[in-house]
Structures are given as C-alpha cells and as structure tokens.
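To start, the structure under review is shown below, and the notes come after it.
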Ligand code: GLN
C-alpha cells in the first residue's frame, strides 16, 4: 500500500498546476499550490502515508459531517430534519438560490453552508460550549488531543463571511434558525478553521468506516445509525455540485473542504485523508480527486 500511495502522489502531482487556491478567504491564498499528500488508516490500526501528508490545513466544509453527527446525537433524527433537508442541490455550496425558490425555505441538506449553519444552531449551549462539542468529537475520533483551530483563518473567515451572514439572517427571517446569529456564525467559522493533517482526517474516516467504533478500543463513540446518515450525505452531497460525477468515478463516501482536504473512507476497510490545496472549479482538491479516482480503480473501492 505504501508504494501504491507513493506512486499515486508522483503521478498525480502534476494536476495541481491546473487548479487554483481558494481566494475568497485571504488566509487560504497563502499556501503552496503544489502540495499533495495522502494518509490511509486501516481498521487494524495500520497507517500508510505519502507526499505532503504532514502538511497542516483547515478542515473547512469537512467539519459539516462532524457537526451533523453532534446535532443528531443531541437532538435525534426527527428534530434535526425538521430544520434541514435531505436532498442534493446541484448548486454551489454557498448558494442562496434554493432557499428562495423552494418553499418552505429550509436548507436542502446539511452539507451546504446554509444547512450547516442551521445544523450548528441546533447544538445546545454557549458558542464556546458548542464549539467544544464539535472539536471534542474530532479529538476523540483522531485520538489527537492537540487538535485546535487556526485563529488567523477564523479571523479571516469572520471578516469576509458576509455571504454566510446573509444565508443565516435569511433563514432567521423564516424561523429556520432561532437565537443569536452572530453566535451561530462564530461556531460555524471556528469549526471551519479547525486545523489537522491528512493523518487526522484518515483517522476520522476510519471511525466512520468502522460504523462509529473507535479503532483503538472498539468503543462505540457514535451510534452506527448516525454514522450511516452522515456517510449517505457524503455520497449524495459531499463533493458539492460534483457529487454525482464523484460517485460514478470514485464511488465511496467523501467530503471535501475549500482548504483542499478530502475525508473519504472505504467501508469496513480504512479511512482516507487527502490534502491538495489547488482546487477545481467546483471547489474540490484537483489533485486529491484524481488521486482518489485512481486509488478506487486500482483497489476496486466503489461501493456500487
Ligand atoms: N468556511 C467555508 C465557508 O463557509 C467553508 C466552505 C467550504 O469548505 N466549502 O465559506
């Protein structure tokens, strides 16, 4: 496996030249676009790495998966899906269009920004307590207590996040979100800024591949039914408006973020963490997607 990964990195690094860094958050533009790395963490605890696997990046939209699981554990399925839907949008992640054109205006799914902000609003407590619940689950899934958030990225998101503010206030107007919007956004921007390596992401994937059980102790950290819901959203909505093509070409649950990370997993086998900050026009890691395409083909990972 180690050799397979090394070959995949060498072969696919060239794609990074065809991508662009996320530029809507100034802090995300200050990175080397040729970075490409991968980690795989197996259900027997084996770790394989290649390329820039130690590079630190912010989770961005990948945390939407974690927040969804926190909200579901706390509120139950019926309550959460009263405020956020279950359907792909076909629109970019930050689009406001469907909120206006499909009534009632609850966001279509928890993987787009509007849906993730609505999901954050369902977690109980002060902004600090709510953020802690999210990062605490990430620390437990990875077994890495040192995981924290990048304050510069957080400040940058907060300073430029007016489209997210617009989505949130729009939903407040229609009663989808209650409470203090600035507090919800603080949690949302902070969760986006949580900083990890591809190894941490592979470990998150491994717990999901193991139906919510920790690899080290077999403890059921997250109920299997909740992990199943999260994995299903990763298939239908995890790669933004490229999720259909990704399901055809790769065929495994995955969630990307504009930091260039991708969380993916092969059920019952292993978790995968990928980093490649150069993005394609949908906002997915351009080298990362190519890497996963080849890995899936070579190892026949598709679940379909
Ligand atoms: N923090 C980002 C935002 O809300 C996350 C978006 C993403 O990764 N697609 O704009």
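In our numbering, the protein residues as written are 582 to 885. Built from N, CA and C at the ideal position, the CB exists for glycine as well.
Sequence-distant residues of the same chain with beta carbon closer than 6 Å to residue 731, five excluded per side = As a working note, residue 731 is residue 150 in the chain shown. Sequence-distant Cβ neighbours of residue 731 in its own chain, meaning closer than 6 Å and more than five residues away, are 639, 774 and 776.
In this structure, does DSSP put residue 622 in helix, strand or coil?
-> Translated into positions along the chain shown, residue 622 becomes position 41. In this structure, residue 622 counts as strand in the three-state DSSP scheme.
Where does residue 750 fall in DSSP's three states?
-> Taking the first residue of the chain shown as position 1, residue 750 is located at position 169. Correct three-state label for residue 750: helix.
Evaluate residue 744 with the Cβ neighbour count: other Cβ atoms within 10 Å of its Cβ, from every protein chain shown; 16 or more gives buried, anything less gives exposed.
-> Numbered from its first residue, the chain shown carries residue 744 at position 163. For residue 744, the number of other beta carbons within 10 angstroms of its own is below 16, and it is reported as exposed.
Should residue 767 go down as buried or exposed, given a rule of 16 or more other Cβ atoms within 10 Å for buried?
-> Mapped onto the chain shown, residue 767 falls at position 186. Buried, because 16 or more other Cβ atoms sit within 10 Å of the Cβ of residue 767.
Only counting runs of 3 or more residues, tell me where the beta strand (DSSP E) segments fall wholly within the region 768 to 841, in order along the chain.
-> As far as the region 768 to 841 is concerned, its whole beta strand (DSSP E) runs of at least 3 residues are 775 to 777 and 835 to 837.
Three or more C-beta pairs closer than 8 Å, one from the region 697 to 714 and one from the region 722 to 729: is that the case here?
-> The answer is no - the region 722 to 729 does not touch the region 697 to 714, with fewer than three Cβ pairs under 8 Å.
Apart from the five residues just before and just after residue 652, which ones in its own chain have a Cβ nearer than 6 Å to its Cβ?
-> Indexing the chain shown from 1 puts residue 652 at position 71. Excluding positions up to five away in sequence, the list reads 661, 700, 703 and 704.
Any non-hydrogen atom of the ligand GLN closer than 7 Å to residue 642 Cβ = Start at 1 with the first residue of the chain shown, and residue 642 comes out as number 61. Relative to the ligand GLN, residue 642 has its C-beta within less than 7 Å of a heavy atom.
Skipping 5 residues on each side, what residues in its chain have a beta carbon closer than 6 Å to that of residue 623?
-> Residue 623 sits at position 42 when you count from the first residue of the chain shown. Residues 851 of the same chain have their beta carbon placed closer than 6 Å to that of residue 623, with the five preceding and five following residues left out of the count.
Which of helix, strand or coil does DSSP assign to residue 632?
-> By one-based count along the chain shown, residue 632 stands at place 51. Residue state, collapsed to three classes: strand.
Do you know how far the Cα of residue 657 is from the Cα of residue 742?
-> The count along the chain shown starts at 1 and reaches residue 742 at position 161. The count along the chain shown starts at 1 and reaches residue 657 at position 76. When rounded, the distance between both Cα atoms is 29 Å.
When 625, 587 and 707 are compared against residue 797, the one with the closest alpha-carbon = For the purposes of this step, residue 797 is taken as residue 216 along the chain shown, with counting starting at 1. Ranking the options by Cα distance to residue 797, first place goes to 625.
Would residue 677 pass as a contact of residue 747 if the rule is Cβ separation under 8 Å?
-> Here residue 677 refers to the residue found at position 96 of the chain shown. Here residue 747 refers to the residue found at position 166 of the chain shown. Contact: yes.
What does a CB cutoff of less than 7 Å around residue 655 pick up in its chain, not counting 5 residues either side in sequence?
-> Within the chain shown, numbered from 1, the residue matching residue 655 stands at position 74. Short of 7 Å from the beta carbon of residue 655, and not among the five residues preceding or following it, lie these beta carbons of its own chain, in chain order: 704 and 705.
Which first and last residues belong to the beta strand (DSSP E) in which residue 616 is found?
-> Taking the first residue of the chain shown as position 1, residue 616 is located at position 35. From DSSP, residue 616 is part of no beta strand (DSSP E); its letter is neither H nor E.
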